[in-house]
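A short worksheet on the structure shown next.
In the working numbering, the protein residues as written are 53 to 290.
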């Protein structure tokens with residue numbers, strides 16, 4: 053199974069895209085609820101939502117707009133950004149969110165993350181810069197190798213790994229396919245590739261590479277959509 057995840061990054065209640073993870077370099081695109089409705093119309097099965105304010109502060113900050121999206125659409129939602137405790141997980145799941153992305157907390161408290169995955173639908177977000185894990189809205193790069201960290205989840209109950217090459221995020225330079233494959237192989241989990249998706253050819257190449265390596269997962273599509281570089285309907289039919 054390969055899924056396409058249109059992305060909504062939330063900053064101060066608006067849909068934005070960052071350039072290489074820099075909160076100071078954000079482009080505002082509009083009302084996130086409008087985009088969520090469009091994604092559903094295009095045939096998306098999932099939406100990938102990140103609360104950027106939450107990721108930087110360590111606690112959810114755009115809860116109300118996420119609540120509106122869950123009440124207005126019937127699409128599956130995976131949500132991340134500042135989710136650091138069980139109460140936040142339960143609060144989102146009670147809204148109707150389909151699964152939770154744990155990122156920074158996974159590096160800081162592996163035991164907690166493992167326990168949450170046994171109770172709830174959890175995916176792990178591993179964001180890397182030069183193969184080192186970055187946390188807290190990418191503000192801090194840890195002395196943790198991304199592939200070694202991914203391998204820790206091989207025998208856990210997590211549903212997938214979302215891997216982002218920060219150097220490509222928002223740059224429309226193409227998904228780092230080799231990096232994504234290595235992350236999938238290290239974690240032995242489905243891999244959702246992220247960072248720099250640019251066009252239909254990029255999608256075809258990624259799908260073929262995943263298939264040849266027997267990897268399940270998908271890809272997150274962000275700036276390429278917002279900058280009208282791709283046709284989502286065309287992506288969903290390929």
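Cβ atoms here follow ideal geometry from the backbone N, Cα and C, with glycine treated the same way.
Predicted, not measured: the structure shown is a model, and the values here were computed from it.
Report the option in the options whose CA atom is closest to the CA atom of residue i.
| i | options | result |
| --- | --- | --- |
| residue 65 | 58, 56, 86 and 74 | 86 |
| residue 70 | 274, 284 and 289 | 274 |
| residue 178 | 162, 89, 76 and 280 | 162 |
| residue 57 | 97, 147, 208 and 90 | 97 |
| residue 219 | 290, 202, 236 and 249 | 249 |
| residue 251 | 198, 200 and 282 | 282 |
| residue 53 | 212, 238, 83 and 113 | 212 |
| residue 88 | 112, 121, 102 and 82 | 121 |
| residue 264 | 112, 236, 205 and 111 | 236 |
| residue 234 | 183, 125, 253 and 143 | 183 |
Please return the same chain residues whose Cβ sits closer than 8 Å to the Cβ of residue i, not counting the five positions on each side in sequence.
| i | result |
| --- | --- |
| residue 285 | 94 and 95 |
| residue 209 | 166, 169, 170 and 174 |
| residue 180 | 186, 198, 215, 216, 217, 218 and 231 |
| residue 82 | 66 and 67 |
Keeping to the same chain, check which residues put their C-beta closer than 6 Å to that of residue i; ignore five residues upstream and five downstream.
| i | result |
| --- | --- |
| residue 232 | 215, 243 and 245 |
| residue 59 | 100, 272 and 274 |
| residue 117 | 65 and 84 |
| residue 193 | 181, 184 and 186 |
Under the assumption that residue i contacts residue j (Cβ atoms under 8 Å), give the Cβ distance between them as a whole number of angstroms.
| i | j | result |
| --- | --- | --- |
| residue 227 | residue 100 | So it is not a contact: roughly 14 Å between Cβ atoms. |
Closer than 7 Å by C-beta to residue i: which residues in its own chain qualify, once you throw out the five before and the five after it? Chain order, please.
| i | result |
| --- | --- |
| residue 77 | 70 and 71 |
| residue 203 | 238 and 239 |
Verify the CB distance criterion: does residue i have a CB-CB separation below 7 Å to chain B?
| i | result |
| --- | --- |
| residue 99 | Here chain B cannot be found, since the structure has a single protein chain. |
Task: Length-filtered (3 minimum) beta strand (DSSP E) runs lying within the stretch 189-253 - done: 192-197, 212-217 and 243-246
- [ ] Go through the stretch 130-159 residue by residue and report every complete run of the alpha helix (DSSP H) that reaches 4 residues or more, in order.
- [x] 138-147
- [ ] Answer yes if the stretch 102-114 comes into contact with the stretch 244-259, meaning at least three C-beta pairs across the two stretches below 8 Å, and no otherwise.
- [x] no
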